[in-house]
Amino acid sequence: MFESLSDRLSGVFDRLTKQGALSDEDVRTALREVRVALLEADVSLSVARDFVAAVQEKATGQAVTKSITPGQQVVKIVHDELVSVLTGDSDPGKLKIDSPPAPILMVGLQGSGKTTTTAKLAKRLTEREGKRVLMASLDVNRPAAMEQLEILGRQIGVDTLPIVRGEDPVAIAKRAKTQASLGGYDVYMLDTAGRLHIDQELIAQAAAVRDAVTPRETLLVVDGLTGQDAVNVATEFDDKIGVSGVILTRMDGDGRGGAALSMRKVTGKPIRFVGLGEKMDAIETFEAERIAGRILGMGDIVALVEKAQQTIEAEQAERMMKRFQKGRFNMNDLKMQLEQMLKMGGMESLMGMLPGMGKMAKQASAAGFDDTMLKRQIALINSMTKKERANPDLLQASRKKRIAKGAGLEVSELNKLLKQQKQMADVMKKMGKGGMLKQAMKGMFGKGGEMPDMNDPAAMEKAAKMLGKQLPPGMGKMPGMGGGMGLPSGLSGFGKKK
Numbered sequence: 001m002f003e004s005l006s007d008r009l010s011g012v013f014d015r016l017t018k019q020g021a022l023s024d025e026d027v028r029t030a031l032r033e034v035r036v037a038l039l040e041a042d043v044s045l046s047v048a049r050d051f052v053a054a055v056q057e058k059a060t061g062q063a064v065t066k067s068i069t070p071g072q073q074v075v076k077i078v079h080d081e082l083v084s085v086l087t088g089d090s091d092p093g094k095l096k097i098d099s100p101p102a103p104i105l106m107v108g109l110q111g112s113g114k115t116t117t118t119a120k121l122a123k124r125l126t127e128r129e130g131k132r133v134l135m136a137s138l139d140v141n142r143p144a145a146m147e148q149l150e151i152l153g154r155q156i157g158v159d160t161l162p163i164v165r166g167e168d169p170v171a172i173a174k175r176a177k178t179q180a181s182l183g184g185y186d187v188y189m190l191d192t193a194g195r196l197h198i199d200q201e202l203i204a205q206a207a208a209v210r211d212a213v214t215p216r217e218t219l220l221v222v223d224g225l226t227g228q229d230a231v232n233v234a235t236e237f238d239d240k241i242g243v244s245g246v247i248l249t250r251m252d253g254d255g256r257g258g259a260a261l262s263m264r265k266v267t268g269k270p271i272r273f274v275g276l277g278e279k280m281d282a283i284e285t286f287e288a289e290r291i292a293g294r295i296l297g298m299g300d301i302v303a304l305v306e307k308a309q310q311t312i313e314a315e316q317a318e319r320m321m322k323r324f325q326k327g328r329f330n331m332n333d334l335k336m337q338l339e340q341m342l343k344m345g346g347m348e349s350l351m352g353m354l355p356g357m358g359k360m361a362k363q364a365s366a367a368g369f370d371d372t373m374l375k376r377q378i379a380l381i382n383s384m385t386k387k388e389r390a391n392p393d394l395l396q397a398s399r400k401k402r403i404a405k406g407a408g409l410e411v412s413e414l415n416k417l418l419k420q421q422k423q424m425a426d427v428m429k430k431m432g433k434g435g436m437l438k439q440a441m442k443g444m445f446g447k448g449g450e451m452p453d454m455n456d457p458a459a460m461e462k463a464a465k466m467l468g469k470q471l472p473p474g475m476g477k478m479p480g481m482g483g484g485m486g487l488p489s490g491l492s493g494f495g496k497k498k
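The sequence shown begins at 1 in full-length UniProt numbering and counts up by one.
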């Protein structure tokens, strides 16, 4: 998401921040490039023009050009203006689904991912907010549309309204309302029919359903890859039906992301969620500050902690922390860490969330530092016996040959893995003995250095922000790429492409 825009802006700001002093002309030249970058990213012309004008007004003059770090000041102004464009006049807050049964109407064109998004949102409301959700398909036109929602419901463990053939959409909506009231559901979601383009029949049908159930939220699902046309679709639907929020799908694709930047400014409607893949949990809330951070290569520590929260058990994290505090770190621990990285989206996804690491993702991949490398390391650990994993010092030449052969790899790659584990174990030992690990935990999680409640999103977000502040300035440098991130030196050469 926003990869090409992020690359262009990073280039502009790198040049700015390297200069010791800036003139107004330097700032204007940089902002001309920013404007071109925005237009190339498919941002609406009026939005790009207003954005650059607002930044230029704040970024020129004595306060910025005479400051100690003028380049950083300009970057901060651009960041704040990006947040302003993405947020709009006011924060929409959470979905209005407080008094049950709350109806949510899902509308949009055919092929935008409406049915899948309905299921994703239902799963999110069930798991994260503890809501009891009922889904109903009102699409009587598309073959197997109702069956699709029923199958998705079974996959995610969310109830769907039983299918009755021959009913029209309004009748189905009324039946869903009755079923939600009688069944004690908190929310019922209505997945309406789509068309290849906006026509009178589509609008009339959606309006009739709206009038029958009076939805608390009307969410428009739009394909993010359609660029500026997504903004036109949102404007049209809002004029005819009334939309309370937008969900942009396929934002994990190679689309240029301009629709997201233009949507709020042009339509005045907030982007509530973004779809980031085909899996049922691949949906995120659209947080303006975090998205702006990703666009400018500042990373997204909060999203990183959220991913960790979803993929690691609180008890498991507590156990690991106690082991690390005692300076223990064997092959089982390393394997757990590697598997955790894959669960959280792999190397590229994690690097994109770490401050300053976004630009390094491609270089790292070219150097062989990718998910394939992680899988090969796990294969080597799986080839070891339980005793060997618990105590890697047992490994002699003959055992090493057996392990490498079992994983289909070279002994040299096993040696690199062993070196990596030893270096990490040494670091853990030093941190555990000196109390550094506990001190770091105290700084992040409060006085006692205890783990935050992983079921409390507010506590996790606070911890994530603290972690973001504590990250060292040099972080984001990869071995062999102009600095040391603190990763073992043996790691950079592991699995290099021949």
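Cβ coordinates follow ideal geometry from the N, Cα and C atoms, glycine included.
What you are looking at is a predicted structure, and each value in this text was computed from that prediction instead of being measured.
A residue is called buried when at least 16 other Cβ atoms come within 10 angstroms of its Cβ; D239 does not meet this threshold and is exposed. Residue S23 holds the alpha-carbon nearest to the alpha-carbon of T60 among V47, E81, S23 and D199. The segment 210-228 and the segment 96-108 touch, with three or more beta-carbon pairs separated by less than 8 Å. If you check the CB distance, L225 and R250 come in under 8 Å.
Here DSSP, grouped into helix, strand and coil, assigns M384 to coil. Minimum Cα-Cα distance from V36 among the listed residues G268, A48 and L149 corresponds to A48. Between V266 and V221, the C-beta spacing is not below 8 Å. By the C-beta criterion, the segment 110-123 is judged to be in contact with the segment 269-282, since at least 3 inter-stretch pairs fall below 8 Å.
R376 places its beta carbon 8 Å or farther from that of L334.
In this structure S262 is in contact with V43, their Cβ atoms being roughly 5 Å apart against a cut-off of 8 Å. Each residue's CA atom was taken as its position, placing N330 and L121 some 40 Å apart. Distance from the CA atom of R195 to the CA atom of P103, rounded to whole angstroms, is 22 Å.
S99 carries a coil assignment under DSSP once its states are collapsed to helix, strand and coil. Inter-residue distance for A176 and Q337 is about 45 Å (C-alpha atoms, whole angstroms). Here N141 has A193 as same chain residues with Cβ atoms under 6 Å from its own Cβ, once five neighbours each way along the sequence are excluded. By the criterion of a C-beta distance shorter than 6 Å, I381 is surrounded in its chain by M331 and K335, once the five residues flanking it on both sides are discounted. Judged by DSSP secondary structure, E284 falls within the beta strand (DSSP E) whose first and last residues are I283 to T285. Pairwise C-beta distances place the segment 2-22 out of contact with the segment 193-212, as fewer than three of them are shorter than 8 Å. Boundaries of the alpha helix (DSSP H) around A176: P169 to G183. F13 and G183 have their C-alpha atoms some 56 Å from each other. Under the three-state reduction of DSSP output, R319 falls in the helix class.
F273: member of the beta strand (DSSP E) spanning I271 to G275, first to last residue. In the DSSP secondary-structure assignment, S137 is bridged to D191. By a beta-carbon distance limit of 8 Å, V170 does not contact V133. Their separation comes to about 21 Å. Look at T160 here: in three-state DSSP terms it is strand. For D80, the secondary structure class from DSSP, reduced to helix, strand or coil, is helix. By the criterion of a C-beta distance shorter than 8 Å, G113 is surrounded in its chain by V221, D223, T249, R250 and G275, once the five residues flanking it on both sides are discounted. When DSSP reads this structure, L220 sits in a beta bridge with V107 and V246. Contact check for L9 and L296: beta-carbon distance about 6 Å, within the 8 Å limit, so the pair qualifies. Collapsing the DSSP output to three states places R264 in a helix. Beta-carbon to beta-carbon, S137 and A144 are separated by about 10 Å, too far to satisfy the 8 Å threshold. Between L86 and A292, the CB-CB gap stays under 8 Å. Put simply, the backbone Cα of L414 is about 18 Å away from that of D426.
Under the three-state reduction of DSSP output, I241 falls in the coil class, being neither helix nor strand. About 7 Å separates the beta carbons of K123 and D281, which is inside the 8 Å limit, making them a contact pair.
Here K58 is near I77, since their CB atoms are less than 8 Å apart.
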